[in-house]
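Asker: Dumping the structure here so I can ask a few things about it.
This is the structure in C-alpha cells:
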C-alpha cells in the first residue's frame, strides 16, 4: 500500500495518469485515476495509542507496543471508510505534519 499527500506534486512523483473531461481543462477529484494499492490521505481526524484502541476493540491485534501511536485517517474518495494507521505509515505525509503541529505532536514528525 502506498500512501500519498493530496497535493498534485506528490501525485506527479509516482506518475499518475490524470484523465481530463472533454468539457473541462482542469482535472476534478472524480477524474483522478490511481494505481492499485495507492491511497490519498484527505484528513487525519483522531489519534490514540494502540492499547486504548485494543481495549475499545477498534483495531485488530497487531505485534506492536501498547504505547504505539495510531491515527484515524479519512481517505480521499472513500467517505465513511476511515482506518486506524500506525505512525510509520503516515508520518511522511504533509497532512500528518499539519495534524502534528495542530495537536502538539511535533516530536512525532520524522526528520529526513
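In the UniProt record's numbering, the protein residues as written are 1 to 112.
Note that beta-carbon positions come from the ideal geometry of N, C-alpha and C, so glycine has one too.
By the DSSP assignment, the alpha helix (DSSP H) with residue 46 in it spans what residues?
Answerer: Residue 46 -> not in any alpha helix (DSSP H); beta strand (DSSP E) instead, spanning 38 to 49.
Asker: Taking the Cβ atom as the reference point for each residue, do residue 95 and residue 85 lie within a distance shorter than 9 Å?
Answerer: For residue 95 and residue 85, no; Cβs fall outside 9 Å.
Asker: Just to confirm, is the Cβ distance from residue 67 to residue 49 under 9 Å?
Answerer: Yes; because the gap between Cβ atoms is below 9 Å, this pair is in contact.
Asker: If you follow the alpha helix (DSSP H) that residue 96 is part of, which residue opens it and which one closes it?
Answerer: Element bounds for residue 96: 94 to 102.
Asker: Taking only the alpha-carbon atoms, compute the straight-line gap between residue 77 and residue 97 and give it to the nearest angstrom.
Answerer: So the alpha carbons of these two residues sit roughly 21 Å apart.
Asker: From what residue to what residue does the alpha helix (DSSP H) around residue 89 run?
Answerer: Run containing residue 89: 87 to 90, per the alpha helix (DSSP H) assignment.
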